Amino acid sequence: MCSGFDSENTNMKTARDLYQSKLVSATDAMNHIGDGDFIIVPSGVGEPPQLLTALSEQRKRFRDVKVAQILALRKYGYFDAETAQHVRHVAFFYGPASRPGGQAGWIDFLPNYFGEIPRLIEQGNIPADVVFSMASPMDEHGFFALSLGTDYTMAAVTKARTVILEVNPNVPFTHGQCHVHISQVSALIESCEPILEVGLPVIGSVQAAIGKYVAEMINDGATLQIGYGAIPDAVVIQLAEKHDLGIHTEMIGDGILSLVACGAVTNQKKNFHTGKMLATFALGSQKLYRFMHQNPQLEMHPVNYTNDPAIAGLNDNLMTINASLQIDLLGQCGSESLGNIPYSGTGGQSDFVRAANRSKGGKSFIVLPSTAKNDTISRIVPTLASGTHITTSKNDVNYVVTEFGVAQLRGKSYRQRAEELIAIAHPNFRAELRKALNRM
Ligand code: COA
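In terms of this note's numbering, the sequence shown is residues 362 to 801.
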């Protein structure tokens, strides 16, 4: 009988000793923090709840500590205007927890392309004194996976003075470039609560109609990036009948999981990373997190890899689907603010629009309902309101889809673009838009 590999080796013993020597309580982990520290936290469900709770509880002993994150989901105690001089949130993208404070002005915002945050950290434009992250249990070689939020956190780990992990057995151990060695870690805490679940948004008839238009333009064998919001998810649902789709995306969620389950995603026609799905953060159900665990079909990579237009654009037939709040007749997308009131952030939208433009056979889709607030406001407007933050440039935008059809803008003049966009506006607003166009 062959014995195979001995699972216990010297490295493992050393790693385990190191692990034990670094294990502390969440309260004691805060002794690694000093006044003025800039703490980097991964996106969404990669945020470590016990560490952020301990920081919140002790926040009054610190001065000028910043916690920077994309898409904050839970409102910890430190989200508090009264104590912001002690610990303040800095958003890379407003999520449900950070949007109210951002709109009120006591949470800071740091503009970025998601794909460039690692470079900003590496070059010191964004400080990274400390990393707080969720992590999988350590493997036999002494590595943890930062699988839920690989994003910019990997870059921060290489820069930070202090790396503190919250190790939780519910965090999947994934493949890809998402591993941190015990020797890189300053302190560890352990937790075992279930990972936060984020359900799929409700999809109404407008979202479904938009999804249908987009799905009709996606061929078998295409590679997909699916953005955040109800409409990208509506598109996913309509792709169940396709064959040999591939995934090169930013966020992996339950929509993509359903396409794998029904056989529509095989990744076999990808010309780049054939057979593998790529993502940089996860947001979904326990089913998704279980699916990610040790799954050779999936690789989690830093966001400067997944979102770099020059890298993502190496995928032939790359289809990118991202939502916007409004668009003007030039094709400028105001996806992240309403006038000067911030709503979300640039995220990966612009990264993936440019990636699709570079991809052979690629198409970028900006999707939005034609109206807001019960058909009282047109989202297609002559000019964006003063102060609107522009997410995707008129020079990059290509397909724009509402429930009334598809506008194709690249290579079109200002007048042609305006005509295309008016044709997919809500019928109640078309005459008004035309009048505005004639004045312009
Ligand atoms: N005027 C007034 N209100 C408007 C409006 C307008 N022109 N456009 C939207 N709104 C309101 C909606 O009515 C809605 O309000 P409600 O919640 O009270 O119903 C709210 O703004 C959000 O609009 P909605 O279209 O439902 O947004 P969404 O939930 O689908 O999210 C974003 C869209 C925020 C994700 C998207 O705009 C965004 O941030 N894009 C940039 C980032 C990105 O694409 N990343 C992709 C990679 S993950």
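Ideal Cβ placement from N, Cα and C applies to all residues, glycine included. Quantities reported herein were computed from a predicted structural model and do not represent experimental measurements.
Terminal residues of the continuous beta strand (DSSP E) containing residue i?
i: Gln687; result: Gln687 to Asp689
i: Ile550; result: Ala548 to Glu551
i: Arg449; result: Val448 to Phe454
i: Leu432; result: From DSSP, Leu432 is part of no beta strand (DSSP E); its letter is neither H nor E.
i: Ser494; result: Val491 to Ala496
i: Ala506; result: Phe504 to Ala506
i: Ile400; result: Phe399 to Ile401
Answer yes or no: the CB of residue i versus the heavy atoms of the ligand COA, is any distance below 6 Å?
i: Tyr589; result: yes
i: Asn683; result: yes
i: Glu697; result: yes
i: Ala733; result: yes
i: Ile617; result: no
i: Arg740; result: yes
i: Ser661; result: Note on identity: in this sequence residue 661 is Met, with Ser being the wrong assignment. Checking the Cβ of Met661 against the ligand COA gives no.
i: Leu690; result: no
i: Leu686; result: yes
i: Ser566; result: no
i: Gly456; result: no
i: Ser404; result: no
i: Glu611; result: yes
i: Gly313; result: In this structure the chain extends from 362 to 801, so residue 313 is not present and cannot be described.
i: Gly636; result: no
i: Ser544; result: no
i: Gln411; result: no
i: Ser646; result: no
i: Gln693; result: no
i: Gln710; result: yes
i: Ser774; result: no
i: Ser705; result: yes
With DSSP as the reference, label residue i as helix, strand or coil.
i: Gly723; result: coil
i: Lys637; result: coil
i: Pro788; result: helix
i: Ser711; result: helix
i: Ser698; result: strand
i: Tyr589; result: coil
i: Met680; result: strand
i: Ser739; result: strand
i: Gly607; result: strand
i: Thr753; result: strand
i: Glu408; result: coil
i: Ser413; result: Checking the sequence, you will find Leu at residue 413 rather than Ser. Residue state, collapsed to three classes: helix.
i: Met514; result: Per the sequence shown, the amino acid found at residue 514 is Thr instead of Met. Here Thr514 sits in helix by DSSP.
i: Leu782; result: helix
i: His662; result: coil
i: Met373; result: helix
i: Phe475; result: helix
i: Pro555; result: coil
i: Pro657; result: coil
i: Gly463; result: helix
Starting from residue i, trace the alpha helix (DSSP H) both ways and give me its first and last residue.
i: Gly766; result: Careful: Gly766 lies outside any alpha helix (DSSP H), inside the beta strand (DSSP E) at Gly766 to Gln769.
i: Met653; result: Gln647 to Met653
i: Glu501; result: Neither: Glu501 is in no alpha helix (DSSP H) and is coded neither H nor E.
i: Ile672; result: Pro670 to Ala673
i: Glu443; result: Segment: none, Glu443 is in no alpha helix (DSSP H) and carries neither H nor E.
i: Ile525; result: It is not in any alpha helix (DSSP H) - Ile525 instead sits in the beta strand (DSSP E) that spans Thr523 to Val528.
i: Thr388; result: Ala387 to Ala390
i: Val567; result: Ser566 to Glu577
Using a threshold of 7 Å, state whether the C-beta atoms of residue i and residue j are closer than that.
i: Asn676; j: Ser646; result: no
i: Leu526; j: Ser494; result: yes
i: Leu794; j: Ile783; result: yes
i: Asp490; j: Arg522; result: yes
i: Val742; j: Gln687; result: yes
i: Ala583; j: Ile401; result: no
i: Ser685; j: Ser698; result: no
i: Gly682; j: Phe726; result: For the record, residue 682 in the displayed sequence is Ile; it is not Gly. Result yes, Cβ atoms of Ile682 and Phe726 sit closer than 7 Å.
i: Phe470; j: Gly476; result: no
i: Met391; j: Gln419; result: yes
i: Val597; j: Val575; result: no
i: Glu660; j: His750; result: no
i: Phe454; j: Gly616; result: no
i: Val385; j: Ile571; result: no
i: Pro488; j: Asn665; result: no
i: Asp396; j: Arg422; result: no
i: Ala779; j: Leu679; result: no
i: Val426; j: Asp398; result: yes
i: Pro555; j: Asn580; result: no
i: His662; j: Ser739; result: no
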